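Presented below is the structure to which this report refers.
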Amino acid sequence: MGATKAVTDASFASDVLKSDKPVLVDFWAEWCGPCRKVSPLLEEIAGEMGDQVSIVKLNIDENPETARAYRVMSVPTLTIFKNGEPVQSIAGAKPKGELVRLIESAL
Numbered sequence: 001m002g003a004t005k006a007v008t009d010a011s012f013a014s015d016v017l018k019s020d021k022p023v024l025v026d027f028w029a030e031w032c033g034p035c036r037k038v039s040p041l042l043e044e045i046a047g048e049m050g051d052q053v054s055i056v057k058l059n060i061d062e063n064p065e066t067a068r069a070y071r072v073m074s075v076p077t078l079t080i081f082k083n084g085e086p087v088q089s090i091a092g093a094k095p096k097g098e099l100v101r102l103i104e105s106a107l
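Under full-length UniProt numbering, the sequence shown is numbered contiguously, ending at residue 107.
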């Protein structure tokens, strides 16, 4: 289990909103330095917690509709969704422990 999955504006509803388990969405961009720092941590967490949570990545430059709908103003923004609703968000690169706590808040 594990590994993050890329989602798009088109797949967001089925991959995130209709998921039967909590989903952590990483709103990121190619040009974003802090996004590159967070990415390997998310891969690690996906490997460790993949049975409890899905971790997906949405490139805001390629998928502006979803980013606009959830008012993503800076990247990375990490939002945990549960039962189709955003539960909690954090912006900026965070240490692994903080990312795990964000996920655990929705479990």
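Even glycine gets a Cβ: it sits at the ideal position worked out from N, Cα and C. From a predicted model like this one, the values you see are computed outputs, not experimental measurements.
Practice item. Indicate the three-state DSSP secondary structure (helix, strand or coil) for residue 4 in the structure shown. Key: Counting from one through the sequence shown, the residue named residue 4 turns up at place 4. Residue state, collapsed to three classes: coil.
Exercise for review: Look at the alpha carbon of residue 65 and the alpha carbon of residue 97, and state the distance between them as a whole number of angstroms.
Suggested key: The sequence position of residue 65 within the sequence shown is 65, counting from 1. The sequence position of residue 97 within the sequence shown is 97, counting from 1. Roughly 30 Å between the two C-alpha positions.
Point to revise | Spatially closest choice to residue 80 from 35, 48, 68, 19, by CA coordinates | key: Position 80 of the sequence shown holds residue 80. Among 35, 48, 68, 19, the Cα nearest to that of residue 80 is on 19.
Point to revise | Per-residue burial, residue 51 [other beta carbons within 10 Å of its own, 16 or more giving buried] | key: Counting from one through the sequence shown, the residue named residue 51 turns up at place 51. With fewer than 16 Cβ atoms within 10 Å of its Cβ, residue 51 is classed as exposed.
Exercise for review: Please classify residue 49: is it buried, with 16 or more other beta-carbons within 10 angstroms of its beta-carbon, or exposed?
Suggested key: As a working mapping, residue 49 is identified with position 49 in the sequence shown. Under a 10 Å Cβ-count criterion, residue 49 is classified as buried, with 16 or more other Cβ atoms of the shown protein chains found around its own Cβ.
Practice item. Specify, as a first and last residue, the run of the beta strand (DSSP E) that residue 57 falls within. Key: Position 57 of the sequence shown holds residue 57. From DSSP, the beta strand (DSSP E) with residue 57 extends over 54-59.
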